[in-house]
Structure formats: C-alpha cells, structure tokens
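Report on the following structure.
2 protein chains.
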Amino acid sequence: MALGINGNGSQYLRVGDLARLTGKTVRAIHLYEELGLLEPATRSSGGFRLYHPAAVDRVRWIDLLSGLGISLHETRDVLDRWWKSDHGPEAMAELRELFNTKLEETRENIRRQQELERELVDGLAYLETCRVCGEPGTVDCCVHCTQDHGVGREPALVAGFKGTRDGARRTPRPALVHVEEHRSD
Amino acid sequence: MALGINGNGSQYLRVGDLARLTGKTVRAIHLYEELGLLEPATRSSGGFRLYHPAAVDRVRWIDLLSGLGISLHETRDVLDRWWKSDHGPEAMAELRELFNTKLEETRENIRRQQELERELVDGLAYLETCRVCGEPGTVDCCVHCTQDHGVGREPALVAGFKGTRDGARRTPRPALVHVEEHRSD
DNA sequence: CCATACCCTTACGCAAGGGTGAGAGTTCAA
DNA sequence: TTGAACTCTCACCCTTGCGTAAGGGTATGG
Chain P
42 MALGINGNGS
52 QYLRVGDLAR
62 LTGKTVRAIH
72 LYEELGLLEP
82 ATRSSGGFRL
92 YHPAAVDRVR
102 WIDLLSGLGI
112 SLHETRDVLD
122 RWWKSDHGPE
132 AMAELRELFN
142 TKLEETRENI
152 RRQQELEREL
162 VDGLAYLETC
172 RVCGEPGTVD
182 CCVHCTQDHG
192 VGREPALVAG
202 FKGTRDGARR
212 TPRPALVHVE
222 EHRSD
Chain S
42 MALGINGNGS
52 QYLRVGDLAR
62 LTGKTVRAIH
72 LYEELGLLEP
82 ATRSSGGFRL
92 YHPAAVDRVR
102 WIDLLSGLGI
112 SLHETRDVLD
122 RWWKSDHGPE
132 AMAELRELFN
142 TKLEETRENI
152 RRQQELEREL
162 VDGLAYLETC
172 RVCGEPGTVD
182 CCVHCTQDHG
192 VGREPALVAG
202 FKGTRDGARR
212 TPRPALVHVE
222 EHRSD
C-alpha cells in the first residue's frame with residue numbers, strides 16, 4: 042500500500058530514502074546537518090528526520106560542489122552569508138567575490154597540475170630511453186648510468202631516485218666513472 | 042672556528058641545519074624519517090641525527106613531489122619498490138607504470154578543474170546579469186527571480202542557492218508567479 | 001663550569017569527510 | 001503483538017602533513 046516513496050504514505054523522505062536517492066550515506070547526510078548545510082523539514086513524533094523531497098536537489102548540489110573541490114565548510118559559509126543577507130544585490134556581490142576567488146584558485150591549480158603533467162611526460166620520455174639501455178643488470182647500474190639519454194638533463198622527478206635512504210649516492214661512484222672516462226676519451 | 046656548515050667541523054649536518062638549508066621544519070624532517078623517506082647517515086655519540094650533505098637534495102626532491110601533489114606515502118612506496126628491486130629494467134618498468142598512472146590522474150584532475158573553471162565563469166556571467174536587475178530589494182526577490190538573464194539556463198552553481206535550509210524553495214512561489222503571468226500576458 | 005642553543009622521544013591536536021560501532025527507541029506490516 | 005528494518009544520539013577511529021608542547025639530554029663557546 043505504498044503511497045509515498047518509502048511506502049509510508051507521507052510526502053516526506055526519511056534519511057535512508059534521501060541517502061538512497063542521492064547515493065550518499067546516512068552518515069554523510071547527518072554530517073551535512075551538523076555542518077549546517079541541510080536540515081530536515083520536520084521530525085516524526087518519534088524523532089525521525091523527515092525531509093522535503095526537494096532536499097534531494099540540495100544534496101546533489103552539495104555533492105556537485107564538493108566534487109569540484111569546494112569544501113563543505115566553504116559551502117556552508119557562503120550559504121550562511123547568502124541567507125543572512127537581506128539585500129539582494131549585496132548578496133550577489135558577495136557571491137561574485139567568492140566565485141572570483143575560487144576561479145583564481147582553480148586556475149592556479151590547473152597551472153600546477155599542468156606543470157606536473159609536463160614533469161611526468163619528461164620523466165616518461167627519459168625512462169623510455171632507458172629501455173634501449175640494453176640489460177644493465179642491477180639498479181645500481183641505472184643509478185650510475187652515465188649514458189647520454191638524449192634528453193638534455195635528467196628530469197628532476199627521476200633524479201631523486203638516485204640515492205640511498207640517507208640521501209647519499211648509493212656508492213661513491215666506483216669503477217663506472219672510469220668507464221665514462223674511457224668513453225669520453 | 043667553524044670548519045663545517047654548522048661550525049662543528051663535521052662533514053655532517055644536524056637536523057636543524059638540514060631544516061634551514063631546505064626550508065622545512067625539524068618536525069617535517071623527523072616525519073620523513075618516520076615514513077621511511079630519509080634516514081640520518083649516522084648519529085652523534087649523544088644521539089643527534091647526522092645527515093649526509095646530499096640529504097639536502099633528497100629533501101628538496103621530496104618537497105618537489107609533494108608540492109606536485111604526490112603524497113609522502115606514495116613517494117615512500119615507490120622508493121621502497123625501487124630500492125628492493127635488484128633488476129634495473131624491471132625497476133624502470135615499475136617507475137614507468139607509476140608515472141603513467143600519475144599522468145592519467147593528473148590529466149583527470151586537470152579536466153575536473155577546467156570543468157569547475159567553466160562553471161565558475163558561467164556563474165559569474167550569470168551574476169553579472171543580476172547587476173542590471175535593478176534593485177530587487179531582498180534576496181527573496183532574487184530567489185524568485187524569473188527574469189531572463191540572457192543565459193540559457195541558470196548555472197548549476199547558482200541554482201543551489203535558491204532554497205532554505207531544508208532544501209525547499211524559500212516559499213511555494215507566492216504572488217510573484219502572478220506577476221510573471223501579468224508580464225507574459 | 002656554565003649558559004645557551006640545540007636536540008632527543010613521546011604523544012596529543014588540527015582540518016575534512018566521513019566510517020563504524022553501541023545501545024536504545026520507532027515504524028510498519030503481518 | 002511481534003519482528004524486522006529502520007532510525008536515534010553519542011562518540012571514537014581513520015588519513016595526511018605536519019604544529020606544538022612536555023620533560024629531559026647534548027654540544028660548545030666563554
């Protein structure tokens with residue numbers, strides 16, 4: 042005899058229903074409430090949280106923001122400022138400011154990630170050249186590898202591997218140095 | 042009469058020296074040791090950590106990686122695998138794999154951040170149109186704003202603000218609907 | 001020999017976003 | 001009326017990269 046979504050004939054959702062409909066856990070929804078992001082529309086006589094169906098959209102919106110790297114606290118702060126402002130244009134201005142700040146942050150993040158991308162690509166290119174190094178045997182040989190890898194310099198990401206746990210070079214460059222001297226001779 | 046860097050005439054650095062030279066804190070260096078990223082070359086008779094000067098490079102490398110979004114644990118894992126591998130090409134292959142994984146992750150991050158960038162730009166464009174909305178008075182008016190903002194649809198980031206704490210629309214759209222009907226009349 | 005700067009270990013705290021109980025009460029259908 | 005499924009409120013656990021003591025020992029110049 043299910044009339045409502047959860048078969049209780051109510052227009053309201055219980056946390057479990059809200060959780061299922063949004064793909065979040067009950068705990069997560071409780072957390073959103075603790076943080077002031079979402080409140081139940083009312084409570085049942087027994088104390089159960091009862092949510093307005095539109096709460097689904099709210100939860101999805103929260104999820105969207107956090108998925109995009111905006112923290113729950115940030116989201117709450119901006120919601121609070123929005124709610125407590127009674128002057129429309131003023132609130133809109135605050136929102137604009139927030140978005141602008143976030144935009145700068147985001148662009149900075151993109152820059153850094155692209156830098157990492159370049160480093161990784163360079164590192165991979167370098168490692169590709171190791172493949173044609175033949176069969177150097179042990180990692181020690183790689184560590185002391187003095188071959189020209191066709192890449193100008195050892196990429197910073199790769200260079201860090203060349204040391205022991207105490208930061209020193211694995212050995213004080215034993216015989217292989219002579220090999221190089223032979224070569225450059 | 043200082044002979045060494047720290048005036049103790051030793052070839053070694055103490056943790057404070059290493060910290061100063063790398064711009065990290067002593068605590069951070071201790072942490073790197075706890076995580077197995079870096080060990081002192083030896084200890085003084087009194088128990089002070091003594092580092093090889095090359096440890097500076099190691100710390101800078103760790104800093105580079107973490108600054109680029111690679112966690113200390115990840116760094117340690119890859120270092121461990123590198124160290125325990127005794128076959129060069131094999132270790133290089135693992136490294137390539139790691140870099141490839143990281144590269145995919147990074148590109149995914151860039152995609153998401155760019156998505157956020159677009160959302161923010163759209164949101165800002167939308168909010169700009171609010172500026173010419175005149176003086177709507179309270180936020181309630183903005184919430185019920187039915188004006189065509191020139192942007193196709195309300196950006197998702199902005200839409201989330203249109204609700205009360207329980208997720209419902211601020212009011213069940215009271216008189217303003219009629220106003221709109223007047224308009225579109 | 002002493003002052004001062006430095007270092008040791010141990011261990012708790014923060015922020016973020018929940019996970020995972022425990023122990024008790026509520027709803028709902030059979 | 002009962003049993004299953006659900007929910008309630010604490011409240012502590014986890015990760016990551018350190019910060020910040022607390023309580024004590026070490027190194028070194030004067």
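Going down the list, the protein sequences come from chains P and S.
Residues in the first sequence are numbered from 42 upward in steps of one, following this note's numbering.
Residues in the second sequence are numbered from 42 upward in steps of one, following this note's numbering.
The beta carbon of each residue, even a glycine, is placed where N, CA and C say it ideally should be.
Nothing here was measured: the structure is a model prediction, and the numbers come from that model.
**Asked** With a cut-off of 8 Å, do at least 3 Cβ pairs link the region 132-145 of chain S to the region 93-108 of chain S?
**Response** no
**Message:** Could you check whether V97 of chain S and T66 of chain S sit closer than 8 Å to each other, using their CB atoms as the reference points?
**Reply:** One-based indexing of the second sequence puts residue 66 of chain S at position 25. One-based indexing of the second sequence puts residue 97 of chain S at position 56. Going by C-beta atoms, T66 of chain S is not nearer than 8 Å to V97 of chain S.
**DSSP three-state assignment for L91 of chain P, whether helix, strand or coil** = Start at 1 with the first residue of the first sequence, and residue 91 of chain P comes out as number 50. Three-state DSSP puts L91 of chain P in a strand.
**Prompt:** Thinking C-alpha only, which one of P:T205, P:M133 and P:A69 is nearest A60 of chain P?
**Reply:** Reading the first sequence from its first residue, position 19 is the one you call residue 60 of chain P. Among P:T205, P:M133 and P:A69, the Cα nearest to that of A60 of chain P is on P:A69.
**Message:** Quick check on DSSP: helix, strand or coil for T83 of chain P?
**Reply:** On the first sequence, position 42 is the one that residue 83 of chain P refers to. Strand, per DSSP.
**Prompt:** Under three-state DSSP, which class holds L136 of chain P?
**Reply:** Locating residue 136 of chain P in the first sequence gives position 95, counting from the first residue. Residue state, collapsed to three classes: helix.
**Message:** Taking contact to mean 3 or more Cβ pairs, one atom from each stretch, closer than 8 Å, check whether the region 118-126 of chain P and the region 83-97 of chain P are in contact.
**Reply:** no
**Asked** Can you tell me whether DSSP reads R206 of chain S as helix, strand or coil?
**Response** As a position in the second sequence, residue 206 of chain S is number 165, starting the count at 1. If DSSP states are grouped into helix, strand and coil, R206 of chain S belongs with coil.
**Prompt:** For L54 of chain S, which beta-bridge partners are listed by DSSP?
**Reply:** What you label residue 54 of chain S is simply residue 13 of the second sequence in a count that begins at 1. Note: L54 of chain S sits in a beta bridge opposite S:Y92.
**Item:** Contacts of G110 of chain P in chain S (Cβ-Cβ under 8 Å)
**Value:** Within the first sequence, residue 110 of chain P is the residue found at index 69, counting from 1. Going along chain S in sequence order, the residues near G110 of chain P (Cβ under 8 Å) are R153, Q154 and L157.
**Spatially closest choice to L139 of chain P from S:E158, S:E149 and S:A132, by CA coordinates** = As a working note, residue 139 of chain P is residue 98 in the first sequence. Ranking the options by Cα distance to L139 of chain P, first place goes to S:E158.
**Message:** With a threshold of 8 Å between beta-carbons, can R99 of chain P be considered close to chain S, or not?
**Reply:** Here the question's residue 99 of chain P lines up with position 58 in the first sequence. Judged by the 8 Å Cβ criterion, R99 of chain P is in contact with chain S.
**Request:** Using a cut-off of 7 Å between C-beta atoms, extract the partners of K143 of chain P located in chain S.
**Result:** Walking along the first sequence from the start, residue 143 of chain P turns up at place 102. Within chain S, the residues near K143 of chain P are L161.
**Item:** is_contact[F89 of chain P, chain S] using C-beta, thresh 8 Å
**Value:** The residue labelled residue 89 of chain P in the question sits at position 48 within the first sequence. By this cut-off, F89 of chain P is not an interface position.
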